[in-house]
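FYI, the numbering for the sequence shown is 4 to 168, going by the working numbering. The beta carbon of each residue, even a glycine, is placed where N, CA and C say it ideally should be. Inspection log for the structure reproduced underneath, given as structure tokens.
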Amino acid sequence: MVTMVDCVVFLVNSFSLYNFNADLEWKLIYVGSAEDETYDQLLESVLADPPDPSKIREEDIMGVTVLLLTCSYVGQEFIRVGYYVNNEYDDEQLKEEPPQKVLIDRVQRNILSDKPRVTKFPINFHPENKDPGDQPPPPDHPAETDGNREEPPASTHHPSDARLP
């Protein structure tokens, strides 16, 4: 666990207990060759700050919330990975008898990184094609999984598999 004001530690497949004194940098790297990293391409680099507690209502700071990682293509969200987050005090006495005003420096954030919820949305990956027949048929609701197994890309989903276990 890390405190509420530590930088966000968000790794899709693991969780770190390391306390960071600066922003995290996320990199999206396309590996062009398994044998030679000179073919790797840095597609994007993003710095992420921790959440700002002053922008959260006092009554919503403690307890369960969600951290979302989303991806969109030309303004259309096609995947959302959600992680449950539990914010609680680092001391048993504070947990049992919480103060009236939240003590941010004593709040720990626990991200349940081993239980992601993945939701996929069908989108038009070829928006230059305006013909509605070029788009996959929309499901009754988005496909959702627990994130622990591989799923086909969102563009191949059919209405019959809209709700996955």
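Under three-state DSSP, which class holds residue i?
i, result
"I59", "coil"
"K123", "strand"
"Q96", "helix"
Between which two residues does the beta strand (DSSP E) carrying residue i extend?
i, result
"L72", "G66 to Y76"
"Q79", "Q79 to Y92"
"Q111", "V110 to I114"
Return the Cβ separation of residue i and residue j in integer angstroms, given the expectation that the two are a contact with Cβ distance under 8 angstroms.
i, j, result
"V84", "V69", "Not a contact, Cβ separation roughly 10 angstroms."
"R109", "D93", "5 angstroms"
From the options, pick the residue whose C-alpha is nearest to that of residue i; which is it?
i, options, result
"F81", "K123, P56 and A37", "K123"
"E61", "P125, P101, I126 and S116", "P101"
"V121", "K104, Y86, E131 and D52", "Y86"
"I126", "Q103, K98, I114 and G78", "G78"
"E131", "K118, Y76 and K98", "Y76"
"F128", "D52, P54, C74 and Y42", "C74"
"S57", "A37, V105 and S116", "V105"
"I114", "L72, Q96 and E40", "L72"
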